[in-house]
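Undergrad:
Residue numbers (my numbering): 15 to 375.
#1: Using C-beta distances below 6 angstroms, list every residue in its chain close to residue 370, excluding the 5 sequence neighbours before and after it, in chain order.
#2: How about residue 146 and residue 181: are their beta carbons less than 8 angstroms apart?
#3: Taking the alpha-carbon of residue 176 as reference, which of 17, 35, 102 and 106 has the nearest alpha-carbon?
#4: Rank 322, 129 and 103 by C-alpha distance to the C-alpha of residue 111 and give the top, closest one.
#5: Short check: CB of residue 88 to CB of residue 122, under 8 angstroms?
#6: Can you tell which of 266, 160, 203 and 293 has its C-alpha closest to the C-alpha of residue 190?
#7: Rounded to whole angstroms, what is the Cα-Cα separation between residue 198 and residue 213?
#8: Should residue 94 and residue 26 be called a contact, given that it needs their Cβ atoms to be closer than 8 angstroms?
#9: Between 45, 195 and 302, which lies nearest to residue 269 when the distance is taken from Cα to Cα?
#10: What does a CB cutoff of less than 8 angstroms around residue 279 pick up in its chain, not counting 5 residues either side in sequence?
#11: Can you tell me which of the three DSSP states residue 160 falls into?
#12: When we look at the beta-carbon of residue 329 and count the other beta-carbons within 10 Å, is it buried (16 or more) or exposed?
#13: Would you mind reading off the limits of the alpha helix (DSSP H) that contains residue 232?
#14: If you follow the beta strand (DSSP E) that residue 337 is in, where does it begin and where does it stop?
#15: Could you work out which residue in 273, 143 and 74 is closest to residue 154 when comparing CA atoms only?
#16: Which residue or residues does DSSP assign as beta-bridge partners of residue 92?
#17: Excluding the 5 residues flanking residue 58 on each side, which residues of the same chain have their C-beta closer than 6 angstroms to its C-beta?
#18: For the stretch 163–195, which segments carrying the beta strand (DSSP E) assignment without a break, of at least 3 residues, lie completely within its bounds, in sequence order?
#19: Does the Cβ of residue 86 have 16 or more other Cβ atoms within 10 Å, making it buried, or fewer, making it exposed?
#20: Give the C-beta separation of residue 265 and residue 234 to the nearest angstrom, bearing in mind that I take them to be a contact with Cβ-Cβ under 8 angstroms.
#21: Sort 260, 205 and 165 by Cα distance to residue 216 and report the nearest one.
#22: Considering only their Cβ atoms, is the gap separating residue 28 from residue 222 smaller than 8 angstroms?
#23: Rounded to whole angstroms, what's the CA-CA distance from residue 258 to residue 316? Just pull it up for me.
#24: Can you tell me which residues form a DSSP beta bridge with residue 355?
#25: Let me confirm a value: residue 347 is counted as buried when at least 16 other C-beta atoms fall within 10 Å, else exposed. Which label applies?
#26: If you count every other CB in all the chains shown that lies within 10 Å of the CB of residue 228, and 16 or more means buried, which is it?
#27: Is the stretch 334–341 close to the stretch 129–140, with three or more CB pairs under 8 angstroms?
#28: Going by DSSP, what residues sit across from residue 78 in a beta bridge?
#29: With a cut-off of 8 angstroms on the beta carbons, I'd call residue 30 and residue 80 a contact; round off their distance for me.
#30: Any Cβ of chain D within less than 8 angstroms of the Cβ of residue 119?
#31: Would you please state the rounded distance, in angstroms, between the beta carbons of residue 313 and residue 349? I believe it to be under 8 angstroms.
#32: For my contact list, residue 263 and residue 252 are in at a C-beta cut-off of 8 angstroms; report their separation, rounded to the angstrom.
#33: Classify residue 140 as buried or exposed, calling it buried when 16 or more other Cβ atoms lie within 10 Å of its own Cβ.
#34: If you follow the beta strand (DSSP E) that residue 208 is part of, which residue opens it and which one closes it?
#35: Name the one or two DSSP bridge partners that residue 137 has.
#36: Thinking just about the alpha-carbon of each residue, which of 273, 343, 327 and 345 is nearest to the one in residue 362?
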């Protein structure tokens, strides 16, 4: 390949750290549709609170843009846009499909698309070529352009497991593409690069990573229901069981966010297309989706009506401003029917909720 020129499409919690890391080694076009986001990044501001101004200054080869015309100056397109679910709990691929459509207008012979977003197994090699063919009929997949897949594993709010310290899966449509991904990612990944047997294997690995966590948390959440009825502290049970060397000590709690609460639905949806009813995944989702009601019942039994409650933290996890699929919001909505509720969260970021800074810091 000619000199590598990279564009990062989508500058959220995945795209921005990746762009800044690669920006130390390559010329990077950091593209995002939201002009407000680009303006913030040009001022070296990260509303996700994961990166500091010094991180921006180290990435001397990056240019932040909201105008898609700059994409034509690159030959490697790395897509890091969200892949959420809709209100019916079905995969919503509209954002990534639109990103592919945008890229296809600038795609030329020899270019490579690398997807980091979570998708169902088979998406990269079936849906992506179809979208590109509608816009760019002359280009043939795996002959004129190539596809790589390297699922993101970034953990927002985690200061220990930074991008360079997390082992990364890579896969490509051919050996040349795999080698390209190796040459790009080895510049920034100090941990292991794992080459998957195929793109489909890498796609599947991504969704089961989070589905596995969802299932294990669902198990201990169900134990919490049971032991609460039996007047046994679930934490005491887990501490006792943890004395065995091979016990997996998952804790009960809310499951929200952009991955663990979402990825199982991608696997459940594709399962139906192959005639499989993923009952295990489905049951885990039901348990975790309604765990907030269990917590509400415990609170209800221990408080008088019209008690004044201070909820400290509304995001889906600690040290993270992300409120997507936060079960705390659902709990607050129930609490407000019976109690006076104040909310305090100094880092939550969302225009959809009015936060009351009840505690002055």
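Ideal Cβ placement from N, Cα and C applies to all residues, glycine included.
TA: Based on what the coordinates show:
#1: Per-residue confidence for residue 370 stands at a pLDDT of 49, beneath the threshold of 50, marking its modelled position as unreliable; no derived number is given.
#2: no
#3: 35
#4: 129
#5: no
#6: 160
#7: 17 angstroms
#8: yes
#9: 302
#10: 99, 103, 104, 105 and 299
#11: strand
#12: buried
#13: 213–243
#14: Taken as a continuous stretch (DSSP letters only), residue 337 belongs to no beta strand (DSSP E), as it is neither H nor E.
#15: 143
#16: 22 and 128
#17: 67 and 70
#18: 182–186
#19: exposed
#20: 6 angstroms
#21: 165
#22: no
#23: 34 angstroms
#24: 323
#25: exposed
#26: buried
#27: no
#28: 44
#29: Between residue 80 and residue 30 the Cβ distance is about 14 angstroms, and since that is not below 8 angstroms, they are no contact.
#30: Structure shown: chain D not included; a single protein chain is present.
#31: 7 angstroms
#32: 6 angstroms
#33: exposed
#34: 207–209
#35: Beta-bridge pairing links residue 137 to no other residue.
#36: 327
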